[in-house]
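Visitor:
Residue numbers (mature numbering (1 follows the signal peptide of the UniProt record, and there is no 0)): -22 to -1, 1 to 254.
1. Cβ of residue 35 within 9 Å of Cβ of residue 63?
2. For residue 4, tell me which candidate among 114, 74, 227 has the shortest Cα-Cα distance.
3. Rounded to whole angstroms, how far is the Cβ of residue 75 from the Cβ of residue 32, which I believe are closer than 8 Å?
4. So, does the CB of residue 79 fall closer than 9 Å to a CB anywhere in chain D?
5. With DSSP as the reference, please indicate the residues paired to residue 76 in a beta bridge.
6. Taking the C-alpha atoms as reference points, what is the distance between residue 7 and residue 203?
7. Touch check for the stretch 188 to 202 and the stretch 71 to 89: three-plus C-beta pairs under 8 Å?
8. Tell me, to the nearest whole angstrom, how far the beta carbon of residue 101 is from that of residue 78; I am working on the premise that it is less than 8 Å.
9. Measuring CB to CB, does residue 49 end up less than 9 Å from residue 110?
10. Where in the stretch 35 to 112 do unbroken runs of the beta strand (DSSP E), each at least 3 residues long, occur, reported from the N-terminal end onward?
11. Specify, as a first and last residue, the run of the beta strand (DSSP E) that residue 244 falls within.
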């Protein structure tokens, strides 16, 4: 079988249709947002070593849209993330979710989280930040996005990236991080974590966490809050006492409708407050 180069792979890679294989059963409560009045679908983002796929949704009419980066969970840019982009587009945003694992592997085709974790563990933070810079550049130049009104939100793996990208890019006006990991081991490809940038963070980030999240201990959340308070970013952390991890993921048993809706309202108010 002829070897496929990395450049060719990422140039020809496409997004998942529907939900990732590893996430069933899909629950009846799943939210389905239509694309009426929108331009929505897959686009290609030029990056340093080729192109990567992304899902973009925006109003069909108008221009100079406030722009939101939507950062994936461990399962990739599957239907749930695509639906979130459409929800933002219905609110008047250009929302875009780039597939950030694609060089290391197509996680949408994997059937278990145990297969996915080794792929995600190989993704360098530097690669992710560079790809997000490229995504913002594409959104402004090719998709009627407004660079002066840039926000970011992410879930789980993407929650951690939300904190890091808010610290990385001076263009970001505000971020909302949903239950992203705050501490951890470091390595050559993962040089730091949100807690390491908390005291110097200038961009206001709202952290939304679950009090019953077994993967993110509350003491780490409190440590992050303390570090943020010693800085000048006006960032805040909200903990929903009875919510587990992934309480916004309406397709999973972890979904908590009340907390998810309240968090979504907080997100909208946060973006409005800080000019996104």
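Cβ coordinates follow ideal geometry from the N, Cα and C atoms, glycine included.
Guide: So, from the data block:
1. yes
2. 227
3. 6 Å
4. No chain D is present in this structure, which holds just one protein chain.
5. 32
6. 33 Å
7. no
8. Contact check for residue 101 and residue 78: beta-carbon distance about 7 Å, within the 8 Å limit, so the pair qualifies.
9. yes
10. 43 to 49, 72 to 76
11. Unbroken run through residue 244 is the alpha helix (DSSP H), 235 to 251; no beta strand (DSSP E).
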